[in-house]
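*Asks:* Residue numbers (the UniProt record's numbering): 1 to 205.
Where is the CB? At the ideal position from N, CA and C, for every residue including glycine.
Okay, here's the structure, questions in a sec.
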């Protein structure tokens, strides 16, 4: 679902209304798989899991979704409507699966459009992930695709709940399965809203 900044705000309000004020302010437990764990432990536990599965992460998604995750990601990017010159942020996207699709879509638009070379050079697709092992896998995959020297793809180690990007700096924002792994979903959504330009969109899986 592609929504505007206003819709994102409504989504955040809806999420907050589903949680009592006490749960937002005083809860010190969060979900990790099928169990509750202390909030301060979840980040470390998630990090350990992804460090151990980074090299086989996409294969793991193939097995768990019977390959459907590829179709879901295609649909996600199609709702984004990438365009030459855009600045896009893919959060928790270390292996580059979404970013490569966004870049391919931008290139397809450029090949059909006139006078798009200059805009193409301005395109920036940021892959932000809290786990350096996942980013390493993404960079390796970029090399294998002949994109190792591509200046459009930018790899950034960062936290979905505390992004290092400026306010209203992005034309698009995506987060796929990573949304289930953040400790505070409301903080991640607030950061998405903060970095997104007015009138642009955040497609949600």
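Are the Cβ atoms of residue 160 and residue 91 separated by less than 8 Å?
*Replies:* yes
*Asks:* If you run the structure through DSSP and keep just helix, strand and coil, what is residue 74?
*Replies:* helix
*Asks:* Comparing C-alpha positions only, which one of 172, 178, 189, 180 sits nearest to residue 198?
*Replies:* 172
*Asks:* Counting C-beta neighbours from all protein chains within 10 Å, is the total for residue 97 16 or more, i.e. buried, or is it exposed?
*Replies:* buried
*Asks:* Let me confirm a value: residue 182 is counted as buried when at least 16 other C-beta atoms fall within 10 Å, else exposed. Which label applies?
*Replies:* buried
*Asks:* Quick check: the Cα distance between residue 207 and residue 65, rounded to an integer number of angstroms?
*Replies:* Beyond the ends of the chain as shown, which are 1 and 205, falls residue 207; an answer cannot be given.
*Asks:* Any contact between the region 98-106 and the region 75-83? By contact I mean 3 or more CB pairs, one from each, below 8 Å.
*Replies:* yes
*Asks:* Between the Cα of residue 141 and the Cα atoms of 123, 128, 94, which residue gives the shortest distance?
*Replies:* 94
*Asks:* Which value, in whole angstroms, describes the spacing of the CA atoms of residue 111 and residue 101?
*Replies:* Going from the Cα of residue 111 to the Cα of residue 101 covers about 15 Å.
*Asks:* Run the proximity test for residue 138: is its beta-carbon closer than 7 Å to any non-hydrogen atom belonging to the ligand ADP?
*Replies:* In terms of ligand content, the structure shown is empty, and the ligand ADP therefore cannot be addressed.
*Asks:* With DSSP as the reference, label residue 156 as helix, strand or coil.
*Replies:* strand
*Asks:* Report the residue from 67, 70, 174, 144 whose alpha carbon sits nearest the alpha carbon of residue 129.
*Replies:* Of the listed residues, the one whose Cα sits closest to residue 129 is 174.
*Asks:* Keeping to the same chain, check which residues put their C-beta closer than 6 Å to that of residue 158; ignore five residues upstream and five downstream.
*Replies:* 128, 164
*Asks:* Can you give me the C-alpha to C-alpha distance between residue 139 and residue 147, rounded to a whole angstrom?
*Replies:* 9 Å
*Asks:* Kindly indicate the opening and closing residues of the alpha helix (DSSP H) around residue 134.
*Replies:* 132-144 is the span of the alpha helix (DSSP H), which, as asked, contains residue 134.
*Asks:* Have a look at residue 119 and residue 152 and give me their C-alpha separation to the nearest angstrom.
*Replies:* 11 Å
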